[in-house]
Amino acid sequence: MSHRIGVIPGDGIGHEVIPEALKVIRAAGVELDCVDYDLGGARYLRDGVVLTDETVDEWRGLDALLLGAVGTPDVPPGLIERGLLLKMRFDLDLYINQRPFIAPDGSHNFIVIRENTEGTYAGEGGFLRKGTPFEIATQGSVNTRHGVERCIRYAFGLAQGRERKHLTLVHKTNVLTFAGDLWERTFNEVALDFPDVSTAYNHVDAACIYFVENPQRYDVIVTDNLFGDILTDLGGAVSGGIGFASSGNLNPDRTSPSMFEPVHGSAPDIAGQGRANPIAAILSAAMMLDFLGETDAAARIQAACSDSELLTGSTSEIGDLVAARL
Ligand code: IPM
Ligand code: MN
Numbered sequence: 013m014s015h016r017i018g019v020i021p022g023d024g025i026g027h028e029v030i031p032e033a034l035k036v037i038r039a040a041g042v043e044l045d046c047v048d049y050d051l052g053g054a055r056y057l058r059d060g061v062v063l064t065d066e067t068v069d070e071w072r073g074l075d076a077l078l079l080g081a082v083g084t085p086d087v088p089p090g091l092i093e094r095g096l097l098l099k100m101r102f103d104l105d106l107y108i109n110q111r112p113f114i115a116p117d118g119s120h121n122f123i124v125i126r127e128n129t130e131g132t133y134a135g136e137g138g139f140l141r142k143g144t145p146f147e148i149a150t151q152g153s154v155n156t157r158h159g160v161e162r163c164i165r166y167a168f169g170l171a172q173g174r175e176r177k178h179l180t181l182v183h184k185t186n187v188l189t190f191a192g193d194l195w196e197r198t199f200n201e202v203a204l205d206f207p208d209v210s211t212a213y214n215h216v217d218a219a220c221i222y223f224v225e226n227p228q229r230y231d232v233i234v235t236d237n238l239f240g241d242i243l244t245d246l247g248g249a250v251s252g253g254i255g256f257a258s259s260g261n262l263n264p265d266r267t268s269p270s271m272f273e274p275v276h277g278s279a280p281d282i283a284g285q286g287r288a289n290p291i292a293a294i295l296s297a298a299m300m301l302d303f304l305g306e307t308d309a310a311a312r313i314q315a316a317c318s319d320s321e322l323l324t325g326s327t328s329e330i331g332d333l334v335a336a337r338l
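Counting from 1, position 12 in the sequence shown corresponds to residue 24 in the working numbering; the numbering is continuous, with no gaps.
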């Protein structure tokens with residue numbers, strides 16, 4: 013069965029890593045019917061389009077989306093991030109951001125489940141008396157019972173299917189007494205439905221130390237949007253570098269297509285030089301295949317991507333090496 017995929021290479025190294033991911037998928041014997049979308053900073057500079065509601069509606073008929081990276085230095089910071097990436101996550105209700113971290117030497121293997129539609133990313137806040145000495149800026153964090161519970165439930169389900177069956181909640185309950193309370197209460201309540209999953213709690217600052225000093229303690233982590241954003245860059249840094257970090261923006265209910273993307277950005281400093289590591293994009297594509305039910309191909313790609321030989325080489329050399337292993 014062929015899958016209909018929307019492909020958004022985006023900007024910068026997105027154009028270099030996405031072809032390698034597609035090459036590897038083909039080498040794994042999976043047929044894709046790809047629809048290309050020219051979106052990102054470069055497109056915006058050309059005709060002012062970031063992402064229209066019509067395009068989002070068109071995507072609803074697809075099986076999944078594969079994105080490279082978006083953003084160019086000559087576009088105001090945040091414009092493409094919010095107008096494209098966050099709009100995708102919000103409009104398609106991709107409420108889970110799943111980011112696996114496997115050390116190249118296999119010494120740790122954990123997954124961060126980041127809530128992907130709420131928290132500080134919901135954009136609550138505003139200015140008062142902007143530009144005056146009495147200016148006030150507030151930035152709220154939106155945490156709904158529904159949003160927190162569906163994220164935590166997903167994380168428990170994921171942990172239950174893994175060997176260690178261990179789930180850690182990461183938050184900052186000692187200071188964020190409202191949002192933290194909701195997260196902790198919901199976590200403890202949902203835990204009752206998963207008696208075979210062992211649980212733990214870490215404050216986010218302590219988790220940063222453990223990520224560096226003892227990442228083996230983790231199996232699955234669940235956390236809010238902003239903590240998850242920050243922690244997963246650190247997760248990448250301690251797991252072979254950000255060039256290895258893959259992610260899936262998932263709608264587990266499958267009411268809309270999920271979107272898969274490497275955690276790294278468009279890297280304008282090295283774009284066009286063939287130096288970007290395509291492994292993050294390849295592993296994101298493998299996650300996509302897994303989500304589409306191509307579990308065998310996904311597992312074979314993952315197995316072909318797990319050693320330190322893939323830390324060096326040009327973009328296409330690394331892509332070729334993985335493809336040859338399949
Ligand atoms: C990520 C990115 C995005 C985020 C940015 C580009 C808006 O850093 O996917 O982690 O903060 O979620
Ligand atoms: Mn990030």
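Ideal Cβ placement from N, Cα and C applies to all residues, glycine included. Fair warning: this is a prediction, and the values are worked out from it, not measured in the lab.
{"Asked": "Provide the residue span of the alpha helix (DSSP H) that contains M300, from first to last.", "Found": "I291 to F303"}
{"Asked": "What I want to know is whether the C-beta of E93 ends up closer than 7 Å to one or more non-hydrogen atoms of the ligand IPM.", "Found": "yes"}
{"Asked": "Spatial neighbours of G53 within its chain, please: C-beta separation below 6 Å, excluding the five flanking residues on both sides.", "Found": "D23, G83, T84, V87 and I92"}
{"Asked": "So which of N128, E201 and S153 has the shortest CA-CA distance to F190?", "Found": "S153"}
{"Asked": "Taking 6 Å as the limit between beta carbons, can you name the residues of its chain near C46, skipping five residues before and five after?", "Found": "I17 and V19"}
{"Asked": "Could you pull out every residue in the same chain whose Cβ sits closer than 6 Å to the Cβ of A310, ignoring the five residues on either side in sequence?", "Found": "A298, L301 and D302"}
{"Asked": "Whose C-alpha, out of A288, D241 and E273, is nearest the C-alpha of G131?", "Found": "D241"}
{"Asked": "Near K177, what residues of its chain come up, given a Cβ to Cβ distance below 8 Å and the 5 sequence neighbours on each side ignored?", "Found": "A171, D208, V209, S210 and D231"}
{"Asked": "For a quick check, are the C-beta atoms of T267 and V124 less than 8 Å apart?", "Found": "no"}
{"Asked": "Report back the beta-carbon spacing between D121 and N109 to the nearest angstrom; my notes put them in contact at under 8 Å.", "Found": "The question names Asp, but residue 121 in the sequence shown is Asn. Actually they are not in contact, since the Cβ atoms of N121 and N109 sit about 18 Å apart, beyond 8 Å."}
{"Asked": "Which residue wins for smallest C-alpha separation from P280, given the options I148, P274, H15 and G26?", "Found": "G26"}
{"Asked": "With a threshold of 7 Å (Cβ to nearest heavy atom), would D245 be considered close to the ligand MN?", "Found": "yes"}
{"Asked": "Going by CA-CA distance only, name the one from Y166, D75 and F199 that's closest to N214.", "Found": "F199"}
{"Asked": "Find out if the Cβ-Cβ distance for the pair V275, A257 is shorter than 8 Å.", "Found": "yes"}
{"Asked": "The alpha helix (DSSP H) with F168 in it runs from where to where?", "Found": "R157 to Q172"}
{"Asked": "When you compare only the Cα positions, how much space is there between T67 and A316?", "Found": "34 Å"}
{"Asked": "Do three or more CB pairs link the stretch 143 to 162 to the stretch 96 to 104 at distances below 8 Å?", "Found": "no"}
{"Asked": "For the ligand IPM, is there any heavy atom lying closer than 7 Å to the beta carbon of D241?", "Found": "yes"}
{"Asked": "Quick check on the burial criterion: 16 or more other C-beta atoms within 10 angstroms. Buried or exposed for L57?", "Found": "exposed"}
{"Asked": "By the DSSP assignment, the beta strand (DSSP E) with G18 in it spans what residues?", "Found": "H15 to G22"}
{"Asked": "How about R126 and N237: are their beta carbons less than 8 Å apart?", "Found": "yes"}
{"Asked": "Going by the C-beta, is L98 closer than 7 Å to any heavy atom of the ligand IPM?", "Found": "yes"}
{"Asked": "Name the one or two DSSP bridge partners that D45 has.", "Found": "R16"}
{"Asked": "Can you give me the C-alpha to C-alpha distance between K35 and F146, rounded to a whole angstrom?", "Found": "56 Å"}
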